[in-house]
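Input: a single structure, listed below in structure tokens.
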Amino acid sequence: MSKPKHFVGLDIGGSTIKSVIIDPTGKQVGGIVEVKSLVKNGFEATFGQLDIAISELCENAGITVEDIGGIGLDVPAPSSNGVIWGRANLGQDWVGTDICTKLRERTGIPVTMTNDCNAAAVGEYAIRNKHLGGLLLVAPGTGLGGGFVLPGGHLYEGANGLALEVGHISVPFREDDGSLPNCTCGLTGCMEAWVSLVALRRRLRIELGKPEWEFHDLNSAAGTIEEKAFQLRTLAENGDALAISLFKQQGHILGYGIADLVRVFDPGLIVLGGGLAEAKFRDQFLDWVKEGFNDRAWSVYRHSPIEPEKSTTDFEWAEGGDAAASIGMAYTARELFA
Ligand SMILES: [Zn+2]
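In my numbering, the protein residues as written are 70 to 407.
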């Protein structure tokens, strides 16, 4: 008789690959194993790194590769049925390749794949092991990603694996001159063009050109707008009025967009991920998100009409940090292949 199967989650990023292994009951065995990512060198080079991670995970768990029942893989790119569709922050040979099949042929283990935000959403669900309802993850970072887990823990990916591009819903906000900001996706007026690091850079450049910020330290400081935008979080933590106004606007618009998403999905729980989950002023940021949400969400999405003291949409910060995506993929592999 063969041993009960373990499941591996592999989170492929631009600079590192983070991996975990869970036992047949879903419990993580050992810590996170990190190896260097070689994505730019192509998928074959990356597979070599995955081999290293997998053998270390097996060693930590006291099992052999034959005891792995499935692998879950996530990539920072839109994908469907194991194939990356494009706009990949990866080497070009990844796009259009059936990564799942190639890795299954190499390892002899069944493989599933999704994008990093979907993986993080499942990870946040798995970490909250008593949570039974839905979960919508919204994660502002360089861009603005999202993922939705159905009640019971099943990831919703849409018919083509392309659902939950939450950053690219349109929001009714305009620049002072009435224009809609350009989004990295080619459209204009997307939420991501207001709520992301990319948006923060644009907004900072505009604000620094205004008379009211003429004598702001960032105007006289050396450095590119990218470097200055990186300082905004620290400035906001120290009470800087310009930095606070920029994050306040991002929080409001994010809350406004979440209200529309809640009207569609009624998830019950919103988890905010991305770098701000580690910011010292995150409680204040969450207050701004809730202000924006309250402006736009009907009262039924805030309080139960039957039990008014019961909230219908809760907000929490992500808890899984860097490990959420790999945990989510191990969990997904177990759900699919156990
Ligand atoms: Zn867009």
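Ideal placement from N, C-alpha and C gives every residue a C-beta, glycine not left out.
Quick caveat: nothing in here was measured; it's all calculated off a predicted structure.
Other residues of its chain near residue 201: CB distance less than 8 Å, five sequence neighbours each side excluded:
Counting from 1 along the sequence shown, the entry for residue 201 is found at position 132. Cβ within range, chain order: 220, 221.
Where do the N-terminal and C-terminal ends of the beta strand (DSSP E) with residue 201 fall, by residue?
Within the sequence shown, the letter at position 132 stands for residue 201. It is not in any beta strand (DSSP E) - residue 201 carries neither H nor E in the DSSP assignment.
Helix, strand or coil: which one does DSSP assign to residue 184?
Along the sequence shown, one-based indexing puts residue 184 at 115. Of the three classes helix, strand and coil, the one that applies to residue 184 here is strand, per DSSP.
Could you say which of 252, 104, 97, 373 lies nearest to residue 84 if we only look at CA atoms?
Start at 1 with the first residue of the sequence shown, and residue 84 comes out as number 15. Ranking 252, 104, 97, 373 by Cα distance to residue 84 puts 104 first.
Within the structure, which residues are defined as neighbours of ligand 1 by a Cβ-heavy atom distance below 5 Å, reported in chain order?
237, 252, 254, 256, 259
Residue closest to residue 76, alpha-carbon to alpha-carbon, out of 132, 117, 107:
The sequence position of residue 76 within the sequence shown is 7, counting from 1. Checked all of 132, 117, 107; the closest Cα to residue 76 is 132.
Check whether residue 285 and residue 304 have beta carbons under 7 Å apart
On the sequence shown, position 216 is the one that residue 285 refers to. On the sequence shown, position 235 is the one that residue 304 refers to. Cβ atoms of residue 285 and residue 304: not closer than 7 Å.
Near residue 266, what residues of its chain come up, given a Cβ to Cβ distance below 7 Å and the 5 sequence neighbours on each side ignored?
The residue you call residue 266 lines up with position 197 of the sequence shown. If we look at residue 266 and ignore the five residues flanking it on each side, its Cβ neighbours are 210, 211, 298.
Does DSSP classify residue 252 as helix, strand or coil?
Here residue 252 refers to the residue found at position 183 of the sequence shown. If DSSP states are grouped into helix, strand and coil, residue 252 belongs with coil.
Is residue 209 helix, strand or coil by DSSP?
Here residue 209 corresponds to residue number 140 of the sequence shown, with the count starting at 1. Strand, per DSSP.
Answer yes or no: do residue 164 and residue 151 have a C-beta to C-beta separation smaller than 7 Å?
Here the question's residue 164 lines up with position 95 in the sequence shown. Here the question's residue 151 lines up with position 82 in the sequence shown. For residue 164 and residue 151, no; Cβs fall outside 7 Å.
Spatial neighbours of residue 272 within its chain, please: CB distance less than 6 Å, with the 5 preceding and 5 following residues excluded, ordered by chain position.
Along the sequence shown, one-based indexing puts residue 272 at 203. Excluding residues within five positions, the ones whose Cβ falls inside 6 Å are 315.
Buried or exposed: which applies to residue 369, given that a residue is buried once 16 or more other Cβ atoms fall within 10 Å of its Cβ?
Here residue 369 corresponds to residue number 300 of the sequence shown, with the count starting at 1. Exposed, because fewer than 16 other Cβ atoms sit within 10 Å of the Cβ of residue 369.
The segment 349–363 contacting the segment 387–400, beta-carbon criterion three pairs below 8 Å:
no
So residue 399 packs on residue 121, CB below 8 Å; how close in whole Å?
The residue labelled residue 399 in the question sits at position 330 within the sequence shown. The residue labelled residue 121 in the question sits at position 52 within the sequence shown. Contact flag wrong, Cβ pair sits at about 17 Å.
Can you give the Cα-Cα distance for residue 147 and residue 183, rounded to whole angstroms?
If you number the sequence shown from 1, residue 147 lands on position 78. If you number the sequence shown from 1, residue 183 lands on position 114. Roughly 8 Å between the two C-alpha positions.
Would you please state the rounded distance, in angstroms, between the beta carbons of residue 339 and residue 205? I believe it to be under 8 Å.
One-based indexing of the sequence shown puts residue 339 at position 270. One-based indexing of the sequence shown puts residue 205 at position 136. So it is a contact: roughly 5 Å between Cβ atoms.
In this structure, does DSSP put residue 381 in helix, strand or coil?
Residue 381 sits at position 312 when you count from the first residue of the sequence shown. Coil at residue 381, not helix or strand.
Residue 383 burial status per 10 Å Cβ neighbour count (16 or more: buried)
Numbered from 1 along the sequence shown, position 314 holds the residue referred to as residue 383. That one is exposed.
Taking Cβ to Cβ, would you say residue 386 is nearer than 7 Å to residue 328?
Here residue 386 refers to the residue found at position 317 of the sequence shown. Here residue 328 refers to the residue found at position 259 of the sequence shown. Result no, Cβ atoms of residue 386 and residue 328 do not sit closer than 7 Å.
Continuous alpha helix (DSSP H) stretch holding residue 333: start and end:
For this step, residue 333 is matched to residue 264 along the sequence shown. From DSSP, the alpha helix (DSSP H) with residue 333 extends over 310–334.
Of the listed residues 100, 380, 95, nearest to residue 335 (C-alpha basis)
By 1-based counting over the sequence shown, the position of residue 335 is 266. It is 380.
Roughly how many whole angstroms lie between the Cα atoms of residue 162 and residue 153?
For this step, residue 162 is matched to residue 93 along the sequence shown. For this step, residue 153 is matched to residue 84 along the sequence shown. About 10 Å.
Pull the bridge partners of residue 81 from the DSSP assignment, please.
Position 12 of the sequence shown, counted from the start, is the residue given in the question as residue 81. DSSP lists 86 as partners of residue 81.
Taking C-alpha atoms, which residue in 169, 97, 74, 322 lies nearest to residue 135?
To locate residue 135, count along the sequence shown from 1; it is residue 66. If we check each option's Cα against that of residue 135, 74 comes out closest.
If we ignore side chains and look at the alpha-carbon of each, how far apart do residue 247 and residue 258 end up?
The residue you call residue 247 lines up with position 178 of the sequence shown. The residue you call residue 258 lines up with position 189 of the sequence shown. Looking at the two C-alpha atoms, the distance is approximately 11 Å.
By the three-class DSSP mapping on this structure, what secondary structure does residue 359 have?
If you number the sequence shown from 1, residue 359 lands on position 290. DSSP places residue 359 in helix when its eight states are reduced to three.
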